[in-house]
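**Q**
There are 2 protein chains.
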Amino acid sequence: MGLVVQKYGGSSVADAEGIKRVAKRIVEAKKNGNQVVVVVSAMGDTTDELIDLAEQVSPMPAGREFDMLLTAGERISMALLAMAIKNLGHEAQSFTGSQAGVITDSVHNKARIIDVTPGRIRTALDEGNIAIVAGFQGVSQDKKDITTLGRGGSDTTAVALAAALDAEVCEIYTDVDGVFTADPRVVKKARKIDWISFEDMLELASSGSKVLLHRCVEYARRYNIPIHVRSSFSGLQGTWVSSEPIGDKKVEQAIISGVAHDTSEAKITVVGVPDKPGEAAAIFRTIADAEVNIDMVVQNVSAASTGLTDISFTLPKTEGRKAIDALEKNRPGIGFESLRYDDQIGKISLVGAGMKTNPGVTAAFFEALSNAGVNIELISTSEIRISVVTRADDVPEAVRAVHTAFGLDSDSDEAVVYGGTGR
Amino acid sequence: MGLVVQKYGGSSVADAEGIKRVAKRIVEAKKNGNQVVVVVSAMGDTTDELIDLAEQVSPMPAGREFDMLLTAGERISMALLAMAIKNLGHEAQSFTGSQAGVITDSVHNKARIIDVTPGRIRTALDEGNIAIVAGFQGVSQDKKDITTLGRGGSDTTAVALAAALDAEVCEIYTDVDGVFTADPRVVKKARKIDWISFEDMLELASSGSKVLLHRCVEYARRYNIPIHVRSSFSGLQGTWVSSEPIGDKKVEQAIISGVAHDTSEAKITVVGVPDKPGEAAAIFRTIADAEVNIDMVVQNVSAASTGLTDISFTLPKTEGRKAIDALEKNRPGIGFESLRYDDQIGKISLVGAGMKTNPGVTAAFFEALSNAGVNIELISTSEIRISVVTRADDVPEAVRAVHTAFGLDSDSDEAVVYGGTGR
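Following this line, the structure appears as structure tokens:
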């Protein structure tokens with residue numbers, strides 16, 4: 015008998031009808047001879063409503079209490095889902111993160127899972143139950159306080175449980191059919207990806223693809239748990255994310271997996287930095303001490319005449335204020351002329367392990383952007399990704415141009431192949 | 015430093031404004047030099063909304079999952095309350111029933127508290143926190159499942175915590191000013207009672223007074239925890255419930271504490287029962303096996319000509335169907351002619367320890383009813399209570415008549431006193 019972990023997001027259980035629909039799908043998996051563990055998010059807008067309430071009561075809700083509040087959402091959805099399953103004549107028991115053995119550190123609102131001890135889940139399964147587990151939450155190891163895992167935490171819960179229970183697959187049910195070669199809202203001709211490697215999925219996730227979060231994919235890769243991303247509204251096969259294609263499927267690794275974009279970042283340029291050792295370190299130490307996460311970094315070539323240079327980096331818009339404040343505060347120590355802040359930027363990334371062995375990918379990427387009249391402001395690359403920063407307004411057109419250029423459009427015959435090695 | 019347990023009901027924390035108002039009151043108690051433990055119910059209609067959701071998903075929600083669902087309500091209110099207190103500059107931590115050490119049996123939806131181990135609460139208090147505890151919920155001793163305590167469970171949580179923490183007082187905040195000599199919606203001249211003994215309060219509670227539930231008062235009496243019932247909307251003194259009047263208050267025990275009424279019961283008459291030993295036992299064994307709680311029982315004098323008698327008893331209307339079914343099913347074994355079911359009855363009860371030593375109370379009670387033209391159908395008495403069953407329609411008039419006759423009206427000079435002993 016196989017063990018399957020299924021995760022349903024808030025849009026799949028938005029109301030009583032949704033819960034009943036999901037219950038039927040779960041029972042089907044059970045009838046197919048599987049042991050079934052289900053991770054569920056809060057219903058529809060519940061979390062947002064709770065956040066609203068908190069803000070009415072306090073402008074700065076405290077971490078511990080905020081987590082206590084938010085976890086009520088999953089408690090509601092998981093209990094209702096268990097009832098709906100029982101109503102279909104099958105046994106089900108719901109478990110909080112704490113009861114399910116999801117042990118985390120003590121960082122409220124964005125805790126990390128440090129251990130999973132699913133003894134009660136195992137017992138429930140052995141007794142013939144379907145186990146329903148609250149996503150997004152755990153209990154801290156030291157203080158035994160309720161914690162939440164932050165955005166996308168339910169996916170991470172599902173993968174972590176799948177790993178701890180040695181599941182065959184972790185199915186992530188959502189309101190889209192899977193992972194696409196680009197955001198279908200931007201690129202009408204985007205194609206569903208049948209299979210993608212963990213590595214490519216990680217790059218897509220960190221480049222703006224929102225279907226799976228980086229942390230969840232990273233966890234799955236570490237424990238080699240295949241993820242199947244699929245729609246809870248259709249019965250279709252979705253996207254498999256795993257180290258190798260699953261079963262007898264002959265899916266070849268595409269050269270290019272997809273095009274991701276991200277308009278949630280801003281760019282800060284530190285102008286007039288003395289071009290001497292230790293300056294960049296001083297800047298990024300300041301940023302790190304302010305607990306701001308940065309993405310891309312570029313240092314201009316120094317102008318020989320002045321001995322000064324500019325350093326630019328990108329970061330989430332939401333952390334812009336914090337970074338500016340920290341830099342201004344340390345301006346005397348660092349020594350720079352001025353700061354420029356630009357939140358009208360966008361990032362376009364091309365991801366695919368195939369670019370390691372296919373030369374010309376970078377050139378083709380830049381050509382596609384150039385043909386579309388898109389100006390490039392920053393460039394950053396990894397082994398299997400190229401990213402550029404452009405004006406935010408240019409992003410949709412740029413994504414479509416690149417998607418077409420690399421043969422990813424759904425009416426293309428085949429993905430474009432490049433000969434030789436290297437790029 | 016004193017330790018105070020405060021309990022706030024759902025109407026006191028119905029919205030963000032209510033939560034902030036309650037937070038201020040709590041902080042005041044803390045500023046007055048007390049250690050403060052707060053037990054809170056779910057906000058306003060939350061519990062009813064959750065029940066609605068459950069019924070949409072399943073016609074017969076299962077006990078364990080139903081409890082998991084309902085406890086989300088207190089989780090929300092307690093977290094918000096803790097945030098609101100922190101926003102006023104005081105430290106607060108919220109605790110679920112389980113975290114607070116409220117250990118219960120495993121009877122879901124109406125569990126009983128079997129132990130309270132408030133170690134975490136004590137620690138939180140010692141660290142200077144205000145402790146906020148979810149009412150109405152606990153964790154089962156054997157299975158470690160979440161349980162709920164049934165109607166009025168938050169009051170019981172508060173009293174149980176007060177007992178375990180050896181509190182000076184358990185303050186029950188509600189939307190009325192205290193316990194009244196009769197229901198003010200029926201008797202405009204009802205008076206707030208300043209002090210009432212546990213015994214009289216127990217009788218009032220079991221006779222239809224809804225301010226405090228029997229179970230909560232019983233718990234307080236067993237551990238001798240004074241209860242102060244008061245309004246969360248005013249700063250007024252409410253009603254003290256304790257073994258003796260508190261402090262330097264010279265409050266004498268009134269002869270009559272109040273008049274309670276109850277229209278939630280029905281009457282079943284078992285007609286044509288053979289008047290021989292074992293018949294009544296057979297009837298009430300049947301009722302008990304069906305887990306139906308009964309209240310008053312009357313057996314008519316047997317008609318000598320037939321050797322048959324009638325037995326009547328009262329029970330909650332909600333259990334009428336169950337009792338009828340059980341009796342009909344066992345009719346061959348019991349042997350009776352027919353059943354009569356009457357749900358248009360009401361019960362009026364006069365409560366007061368003074369009636370033990372004041373003769374004439376019973377007579378005056380019946381005279382008042384007679385003068386009001388109210389017909390008595392059943393009578394039952396305890397040492398400190400007389401109850402009668404009448405037509406439901408007669409209840410308001412009967413309550414007012416009795417209230418006036420015993421000098422309880424707010425414009426009376428003094429309660430009526432009867433000489434001699436016995437009644």
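Listed in order, the protein sequences are those of chains A and B.
Here the working numbering runs 14 ahead of the position in the first sequence, where the first position is 1.
Here the working numbering runs 14 ahead of the position in the second sequence, where the first position is 1.
For glycine and all other residues, C-beta sits at the position ideal for the given N, C-alpha and C.
Fair warning: this is a prediction, and the values are worked out from it, not measured in the lab.
1. Does the CB of E79 of chain A have a neighbour CB from chain B at under 9 Å?
2. Hey, would you say V71 of chain A sits closer than 9 Å to A148 of chain B, going by beta carbons?
3. Interface residues of chain B around A68 of chain A at Cβ under 7 Å?
4. Which residues mark the beginning and the end of the beta strand (DSSP E) in which R405 of chain A is found?
5. Are E293 of chain B and I325 of chain B closer than 9 Å when you measure CB to CB?
6. CA-CA distance, M215 of chain B and V116 of chain B?
7. So, with DSSP's three-state summary, where would you put H242 of chain B?
8. What runs of the alpha helix (DSSP H), each 4 residues or longer, lie entirely inside the segment 306-379 of chain A?
9. Exposed or buried, what is R205 of chain B when buried is set at 16 or more other beta-carbons lying within 10 Å of its beta-carbon?
10. Extract the residue ranges of the beta strand (DSSP E) inside the segment 121-167 of chain B, only unbroken runs of 3 or more that lie entirely within it.
11. In whole angstroms, what is the alpha-carbon distance linking V201 of chain B and A174 of chain B?
12. Identify the contact partners of T162 of chain B in chain A, using a Cβ-Cβ distance below 8 Å as the criterion.
13. Classify D140 of chain B: buried if its beta carbon has 16 or more other beta carbons within 10 angstroms, exposed otherwise.
14. Does the pairing of the segment 189-198 of chain A with the segment 160-180 of chain A give three or more beta-carbon distances under 8 Å?
15. Please report the straight-line C-alpha distance between S108 of chain A and T131 of chain B, rounded to a whole angstrom.
16. Using DSSP with H/G/I as helix, E/B as strand and the rest coil, what is V409 of chain A?
17. With a 10 Å radius around its C-beta and 16 neighbouring C-beta atoms as the bar for buried, classify Q49 of chain B as buried or exposed.
18. Could you run through the segment 330-347 of chain A and flag, in chain order, every residue whose CB is less than 9 Å away from some CB of chain D?
19. With DSSP run on the structure shown, which of helix, strand or coil describes F247 of chain B?
20. Nearest to P288 of chain A by CA position, among A:D309, A:I301, A:R299 and A:N314, is which residue?
21. Would DSSP call G87 of chain A helix, strand or coil?
22. Going along the segment 273-289 of chain B in order, which residues come within less than 7 Å of chain A, judged by CB to CB distance?
23. Since H185 of chain A sits in a beta bridge, which residues does DSSP pair it with?
24. If you check the beta carbons only, do I160 of chain B and G152 of chain B fall under 9 Å apart?
25. Is S424 of chain B helix, strand or coil when you go by DSSP?
26. Check whether the segment 90-107 of chain A touches the segment 116-130 of chain B, counting contact only when three or more Cβ pairs, one atom from each stretch, lie closer than 8 Å.
27. If the cut is a Cβ gap below 8 Å, which residues of chain B does N123 of chain A touch?
28. Please confirm whether L218 of chain B and G272 of chain B have their CB atoms less than 9 Å apart.
29. For H104 of chain B and N143 of chain B, what's the separation of their Cα atoms in angstroms?
30. Throw me the rounded Cβ distance for the F379 of chain B and I400 of chain B pair, which I believe falls under 8 Å.
31. Starting from the C-beta of A43 of chain A, find all residues in its chain whose C-beta is less than 6 Å away, skip the five residues before and the five after it, and write them out in chain order.
32. Which residue's Cα is closest to the Cα of S223 of chain A: A:K100, A:P373 and A:V365?
33. At the level of alpha carbons, what is the spacing between N344 of chain B and R335 of chain B?
34. In the segment 301-326 of chain A, which residues sit with their C-beta less than 9 Å from some C-beta in chain B, listed in chain order?
35. Out of A:L422, A:I90 and A:K158, state which residue places its alpha-carbon closest to the alpha-carbon of A28 of chain A.
36. Per DSSP, which one or two residues make a beta bridge with L392 of chain B?
**A** Let me spell this out:
1. As a first step, residue 79 of chain A is located in the first sequence; it is residue number 65 there, counting from the start. Answer yes: the Cβ-Cβ gap between E79 of chain A and chain B drops below 9 Å somewhere.
2. Counting from 1 along the first sequence, the entry for residue 71 of chain A is found at position 57. Counting from 1 along the second sequence, the entry for residue 148 of chain B is found at position 134. Inclusion of V71 of chain A and A148 of chain B in the CB contact set at 9 Å is not warranted, their separation being larger than that value.
3. Here residue 68 of chain A is taken as the residue at index 54 of the first sequence, counted from 1. Simply L94 and M97.
4. In the first sequence, residue 405 of chain A corresponds to position 391, counting from 1. DSSP places R405 of chain A in the uninterrupted beta strand (DSSP E) bounded by R399 to R405.
5. Numbered from 1 along the second sequence, position 279 holds the residue referred to as residue 293 of chain B. Numbered from 1 along the second sequence, position 311 holds the residue referred to as residue 325 of chain B. The answer is yes: Cβ separation under 9 Å.
6. Looking up residue 215 of chain B in the second sequence gives position 201. Looking up residue 116 of chain B in the second sequence gives position 102. Rounded to the nearest whole angstrom, the CA to CA distance from M215 of chain B to V116 of chain B is 25 Å.
7. Here the question's residue 242 of chain B lines up with position 228 in the second sequence. Under the three-state reduction of DSSP output, H242 of chain B falls in the strand class.
8. Fully contained in the segment 306-379 of chain A are the following alpha helix (DSSP H) runs of length 4 or more, in chain order: 334-343 and 345-348.
9. Start at 1 with the first residue of the second sequence, and residue 205 of chain B comes out as number 191. With 16 or more other Cβ atoms within 10 Å, it is buried.
10. Runs found: 127-130, 144-148, 151-154 and 160-162.
11. The sequence position of residue 201 of chain B within the second sequence is 187, counting from 1. The sequence position of residue 174 of chain B within the second sequence is 160, counting from 1. In a straight line, the C-alpha of V201 of chain B is about 33 Å away from that of A174 of chain B.
12. Taking the first residue of the second sequence as 1, we reach residue 162 of chain B at position 148. What T162 of chain B touches in chain A, judged by beta-carbon distance under 8 Å, is nothing: the nearest beta carbon there is about 12 Å away.
13. Counted from its first residue, the second sequence places residue 140 of chain B at position 126. Exposed, since its Cβ has fewer than 16 Cβ neighbours within 10 Å.
14. Under the Cβ criterion (8 Å, minimum of three pairs), the segment 189-198 of chain A does not count as touching the segment 160-180 of chain A.
15. For the purposes of this step, residue 108 of chain A is identified with residue 94 of the first sequence, where counting begins at 1. For the purposes of this step, residue 131 of chain B is identified with residue 117 of the second sequence, where counting begins at 1. Going from the Cα of S108 of chain A to the Cα of T131 of chain B covers about 25 Å.
16. Looking up residue 409 of chain A in the first sequence gives position 395. In the three-state scheme derived from DSSP, where H, G and I count as helix and E and B as strand, V409 of chain A is classed as helix.
17. Indexing the second sequence from 1 puts residue 49 of chain B at position 35. Looking at its Cβ environment, which holds 16 or more other Cβ atoms inside 10 Å, Q49 of chain B is buried.
18. In the structure shown, chain D does not exist; the protein chains are A and B.
19. By one-based count along the second sequence, residue 247 of chain B stands at place 233. F247 of chain B falls in the coil class under three-state DSSP.
20. As a working mapping, residue 288 of chain A is identified with position 274 in the first sequence. When each option's Cα is compared against that of P288 of chain A, the closest is A:N314.
21. Walking along the first sequence from the start, residue 87 of chain A turns up at place 73. If DSSP states are grouped into helix, strand and coil, G87 of chain A belongs with the helices.
22. Cβ contacts with chain A: none found.
23. In the first sequence, counting from the first residue as 1, residue 185 of chain A sits at position 171. A small fix is needed here, since residue 185 of chain A is Glu in this sequence, not His. Answer is A:Q20 and A:H242, bridged to E185 of chain A.
24. On the second sequence, position 146 is the one that residue 160 of chain B refers to. On the second sequence, position 138 is the one that residue 152 of chain B refers to. Against a cut-off of 9 Å, the Cβ pair of G152 of chain B and I160 of chain B comes out as a contact.
25. For the purposes of this step, residue 424 of chain B is taken as the residue at position 410 of the second sequence. Annotated three-state conformation of S424 of chain B is coil, per DSSP.
26. Verdict: no, contact absent.
27. Mapped onto the first sequence, residue 123 of chain A falls at position 109. Within chain B, no residue has its CB atom less than 8 Å from the CB of N123 of chain A, the nearest being about 13 Å off.
28. Numbered from its first residue, the second sequence carries residue 218 of chain B at position 204. Numbered from its first residue, the second sequence carries residue 272 of chain B at position 258. Yes.
29. Position 90 of the second sequence holds residue 104 of chain B. Position 129 of the second sequence holds residue 143 of chain B. In this structure, the straight-line span from the alpha carbon of H104 of chain B to that of N143 of chain B is close to 8 Å.
30. In the second sequence, residue 379 of chain B corresponds to position 365, counting from 1. In the second sequence, residue 400 of chain B corresponds to position 386, counting from 1. That belief holds up - the Cβ atoms of F379 of chain B and I400 of chain B are roughly 6 Å apart, short of 8 Å.
31. Residue 43 of chain A sits at position 29 when you count from the first residue of the first sequence. Counting only Cβ-Cβ distances below 6 Å, and skipping sequence neighbours, we find V18 and V50.
32. In the first sequence, the residue the question calls residue 223 of chain A occupies position 209. Taking each of A:K100, A:P373 and A:V365 in turn and checking the Cα distance to S223 of chain A, the smallest one comes out for A:V365.
33. In the second sequence, the residue the question calls residue 344 of chain B occupies position 330. In the second sequence, the residue the question calls residue 335 of chain B occupies position 321. Roughly 14 Å separates the two Cα atoms.
34. Residues: none.
35. As a first step, residue 28 of chain A is located in the first sequence; it is residue number 14 there, counting from the start. That would be A:I90, whose Cα lies nearest to the Cα of A28 of chain A.
36. Counting from one through the second sequence, the residue named residue 392 of chain B turns up at place 378. Residue pairing for L392 of chain B: DSSP places it in a beta bridge opposite B:V403.
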